[in-house]
Amino acid sequence: MSIRLSKIYTRSGDKGMTRVVGGDQQRKDSLLVDSYGEVDELNSHVGLLRALASQHTELREASEPIFQTIQNDLFDIGALLATMPDNKDLAARLDAFKKPLEDGSDQRINALEQQIDAWNEHLPELNSFVLPGGGLVNAQANVARTVCRRLERLLVQRQDAYPVEPVILAYINRLSDFFFVYGRWASAQLGEAELLWDMNR
């Protein structure tokens, strides 16, 4: 598919309205617009995390292909969320996004779970809650995690007005777990101490 963006500003959104996929107009504070805006924000944070990780040889090889996939997945999700439920092309686009396996699970979610398990297997067991920080990559991974959680809450809220495909909700839920484990794994690879919550301070 070829996309050409020849004009950046149109002035059509100056009064608080925007056009979503299919041409329908929506207020910029609507749940529909807010939800794909949150996806855009999350994708920007993933981009920063990806850039930070790429500066470390200990992280680059393992991180780069995963983040490339995640950023493209998020763009796909944003486009789906920006489409009105009655759009005639939505069903076909949702089917194209889904990657069902024979056991009923989803290929994207399985890939995240396998990576989470592979990294988590080599991490020390936690006896306390982890505080974000200890290094830039860990800190940014936790920013991505919390933005992901906020997006998940918004998608649950959005369901009352605009349906959200279950596989999208499940993917976002698993993605926040991925960022948590990635932050811990990155700290371990870089030899950075984890910051733990001191409940008895």
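If you read the sequence shown in our numbering, its first letter stands for residue 4, the second for the next number, and so on.
We put the beta carbon where it would ideally sit given N, CA and C, even for glycine.
Near E116, what residues of its chain come up, given a Cβ to Cβ distance below 7 Å and the 5 sequence neighbours on each side ignored? R177
State yes or no: is the C-beta of L139 within less than 8 Å of the C-beta of L198? no
Through-space distance from S108 to L45, alpha-carbon basis: 24 Å
L198, DSSP secondary structure in three states: strand
Using alpha carbons as the reference points, say which of L158, N141, E195 and V170 lies closest to L52. N141
Does D43 come out as helix, strand or coil in the three-state DSSP assignment? helix
With distances taken from CA atoms, which of P127, M87 and N130 is nearest Y39? M87
Other residues of its chain near V49: CB distance less than 8 Å, five sequence neighbours each side excluded: F70, I73, Q74, L77 and A147
May I ask you to report which of helix, strand or coil DSSP gives L129? coil
Please state the DSSP three-state secondary structure of D79. helix
In the DSSP output, which residue or residues are listed as bridge partners for L52? BP columns for L52 are empty, so no partner.
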